[in-house]
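Numbering (this note's numbering), first residue to last: 4 to 272.
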């Protein structure tokens with residue numbers, strides 16, 4: 004595809020404008036996390052790491068961080084199990100309603116978070132409350148898994164569609180049973196997609212706030228909920244910026260690793 008010089012210039016300007024809109028606010032948060040001014044004077048009156056030390060000394064913050072990690076790991080484990088099984092079923096087998104099942108698996112990622120949260124809250128109150136099971140970490144994990152399954156399903160399905168079935172058929176012809184074929188032939192081929200899906204699922208769960216608001220119990224506070232609760236409190240602004248900056252770095256790492264794992268072999272980017 005050949006573009007004129009004007010078209011290339013316009014494309015570069017549009018790309019630069021888009022990246023600026025996306026990343027300039029994040030840059031401001033990063034700068035404010037080391038801004039010596041408590042009121043976020045701009046330009047910064049000085050730079051300091053004092054707020055980072057203050058943030059780490061808050062026990063509520065560390066507890067919320069640990070809750071987010073546990074919720075992310077739990078949701079990722081559920082998503083890996085169910086999402087990979089669904090991907091294999093929808094990709095490797097033909098059955099009535101296969102396209103409908105695939106659509107229903109992908110639909111939760113397109114629904115507004117508040118709709119998902121309200122639906123889950125009503126379902127938990129209807130099903131779990133009569134059994135004496137209250138809202139807590141387990142309900143948060145289930146809520147997060149509803150959309151984390153989608154990223155695992157999409158990653159594994161995409162890899163399986165590019166993977167010819169001839170290797171699995173040859174393994175079966177040589178006498179290997181289903182588990183041997185999966186372990187020695189299929190799993191090595193989809194391992195990168197599984198890891199990429201797991202990383203993206205954990206990243207989605209770690210920073211989720213809308214669904215968490217409707218599924219967390221009174222004593223369950225994840226890191227995004229902690230940030231939201233402290234955002235309007237006096238003198239907590241610098242600490243919130245520190246936590247937001249740390250989240251930017253932590254969220255970028257799994258997304259970058261997932262992108263590298265999902266890239267075609269020998270590809271660029």
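Think of the CB as a built atom: it goes at the ideal place given N, C-alpha and C, for glycine as much as any other residue.
Neighbour-count burial assignment, residue i, 16 or more Cβ in a 10 Å radius
{"i": "residue 129", "result": "exposed"}
{"i": "residue 248", "result": "buried"}
{"i": "residue 86", "result": "buried"}
{"i": "residue 152", "result": "buried"}
{"i": "residue 12", "result": "exposed"}
{"i": "residue 45", "result": "exposed"}
{"i": "residue 127", "result": "buried"}
{"i": "residue 200", "result": "buried"}
{"i": "residue 168", "result": "exposed"}
{"i": "residue 70", "result": "buried"}
{"i": "residue 89", "result": "buried"}
Anticipated Cβ contact below 8 Å, residue i with residue j, distance rounded
{"i": "residue 197", "j": "residue 159", "result": "6 Å"}
{"i": "residue 68", "j": "residue 260", "result": "So it is not a contact: roughly 20 Å between Cβ atoms."}
{"i": "residue 193", "j": "residue 163", "result": "6 Å"}
{"i": "residue 156", "j": "residue 108", "result": "5 Å"}
{"i": "residue 39", "j": "residue 48", "result": "5 Å"}
{"i": "residue 241", "j": "residue 95", "result": "Incorrect: roughly 53 Å between the Cβ atoms, too far for contact."}
{"i": "residue 37", "j": "residue 50", "result": "5 Å"}
Contact set for residue i: own chain, Cβ-Cβ below 7 Å, skip 5 residues either direction
{"i": "residue 75", "result": "205, 208 and 209"}
{"i": "residue 147", "result": "74, 78, 208, 211 and 214"}
{"i": "residue 24", "result": "none"}
{"i": "residue 101", "result": "93"}
{"i": "residue 117", "result": "213"}
{"i": "residue 106", "result": "none"}
{"i": "residue 217", "result": "120, 121, 123 and 124"}
{"i": "residue 111", "result": "119, 149, 150 and 153"}
Own chain, CB closer than 8 Å to residue i, minus 5 neighbours either side, in chain order
{"i": "residue 174", "result": "183, 184, 187 and 188"}
{"i": "residue 258", "result": "202, 203 and 206"}
{"i": "residue 6", "result": "14"}
{"i": "residue 228", "result": "67, 212, 215, 216 and 219"}
{"i": "residue 29", "result": "251"}
Close Cβ partners of residue i (< 6 Å) along its chain, the five nearest in sequence each way excluded
{"i": "residue 139", "result": "220 and 223"}
{"i": "residue 230", "result": "243 and 246"}
{"i": "residue 26", "result": "none"}
Enclosing alpha helix (DSSP H) for residue i [first to last residue]
{"i": "residue 82", "result": "62 to 95"}
{"i": "residue 114", "result": "Here residue 114 belongs to no alpha helix (DSSP H), and DSSP marks it neither H nor E."}
{"i": "residue 27", "result": "8 to 35"}
{"i": "residue 188", "result": "That residue, residue 188, is in no alpha helix (DSSP H); it is neither H nor E in DSSP."}
{"i": "residue 56", "result": "53 to 59"}
{"i": "residue 183", "result": "181 to 184"}
{"i": "residue 233", "result": "226 to 233"}
Coarse secondary structure for residue i, derived from DSSP in three states
{"i": "residue 98", "result": "coil"}
{"i": "residue 138", "result": "coil"}
{"i": "residue 212", "result": "coil"}
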